[in-house]
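Inspection log for the structure reproduced underneath, given as structure tokens.
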Amino acid sequence: MRVILLSLLSVSLVSAWRVDRRCLEGGEILTGEEVDQLMFENGNVQEDYLDFWEQEEYLETDKDIGFRNHSLHANTTRRLQSGTFNLKLYWQRGYCWQDEWIERKWCMECRRNCNNGDVLELQSCSRTWKQRFRWEGGKLKIASRNMCLTRSGNSLRLRSCGGGNQGFRGLTNGGGFRLRPSGSSKCLSQHHHPKAGEVIELTNCGLAGQHKTDKWNVYWGSASGGGGGGGDDEDNDNDNDNDNDNDNDNDNDNDNDNDNDNDNDNDGGSGKPLASDNKNCRPGNRCSSCEGDCDTDDDCSGSLRCFQRFGRTALDPVPGCSGTGFRGRDYCY
């Protein structure tokens, strides 16, 4: 029975594997054969992962699977308009997020009630209205409200549709695509390995690509063809993952929207320097923004989160903080 179960898992569309520490070394994408080999080397399949995939909310219908596998010609430009959909962080077999080789299905969602000034964050994909979008004339709009994703520097917030800095490009009905503001080379991402509650911002595509969080795909719906415009990926960069972005994109967005939200989101700072000393953050000694070393969000004060750097020698920039801090140290933000 056990042999049969392992055989079925190795050829299933959505398989479950328990990662070993090699998953964290270097962050490379493994082939399906390499993942299978590691699974059989480990000698067992964790029961909690089997239980996870048996939950109905994570099972895909034939329609979902067929749509997900639909692709467009690589050099084809499509204009997308009608239809509602979720935006799911793109995942493929061999990706390793948070020490796991399974897909948790992370989708964009309004942090609050999709009101003016609200941010978007990652949450488990669901059919809540807070995750449903519409693509209209190159604008990413909340399906049930007249609120559009709007750029302000590297921050993204919801504003009434019709204002400036609301144009985006890159969205297709195909597989993984990079979603970018018009005229910018930066990508929509939450920077690093995904966790619930992380805020979607603009970041260097190359940095996001190191963590395999630079791409999205349309999910549970369709951005079907129609009129409109402004959403075409007109720069023909073909997303070859070799951007070498140095964040010197000179976007010239003229972000003069004078945001005074005062909503205490704690989704960014004002360039506070990273702490030079190790606070050894823990639930009984929580750290403030730009302090470390933290291991989980529970180690950070209030609604702050723990920014997990990629590898022991990493100097990934911490959102809202300035400087590099210490290699491999994780900081609250």
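In case it helps, mature numbering (1 follows the signal peptide of the UniProt record, and there is no 0) puts the sequence shown at residues -16 to -1, 1 to 317. C-beta: ideal position from N, C-alpha, C; glycine also. Since this is a predicted model, take the numbers as computed values, not measurements.
Per DSSP, cross-strand counterpart(s) of residue i
i	result
Y203	N70
G276	Y315
T134	R141
S166	DSSP, once it has assigned bridges, lists no residue as partnering S166.
V183	E105
N269	R266
S285	DSSP, once it has assigned bridges, lists no residue as partnering S285.
R95	Answer is none; R95 lacks a bridge partner.
Pick from the options that is closest to residue i, judged by C-alpha positions
i	options	result
S108	W119, L124, C91	C91
C98	Q115, L186, K89	Q115
N157	S173, Y74, C278, D83	Y74
R135	G160, R118, W81, G167	G167
G147	G160, G159, L133	L133
Residue j beta carbon less than 9 angstroms from that of residue i
i	j	result
H175	F291	yes
E93	T112	yes
L71	N201	yes
C305	K256	yes
G276	G309	yes
F152	K123	yes
S139	N100	no
G154	L142	no
H177	Q76	no
E182	R289	yes
Where residue i falls: helix, strand or coil (DSSP)
i	result
S(-2)	Here the model assigns S(-2) a pLDDT of 33, short of 50, so the residue's position is not dependable, and the following value carries that caveat. Correct three-state label for S(-2): coil.
N238	Caution is warranted here: a pLDDT of 41 is assigned to N238, below 50, making its placement in the model unreliable, and the coordinate value is therefore given only provisionally. DSSP places N238 in coil when its eight states are reduced to three.
C189	helix
K125	strand
Q115	helix
Q107	strand
A259	coil
With 16 other Cβ atoms within 10 Å as the buried cut-off, status of residue i
i	result
P303	buried
N149	buried
A180	exposed
S260	exposed
L56	With a pLDDT of 26 at L56, under the threshold of 50, the predicted position of this residue should be treated as unreliable, though the coordinate-derived value follows. L56 is exposed by the Cβ-count criterion.
S287	exposed
G193	buried
S273	buried
R118	buried
S173	buried
D282	exposed
R129	buried
P165	buried
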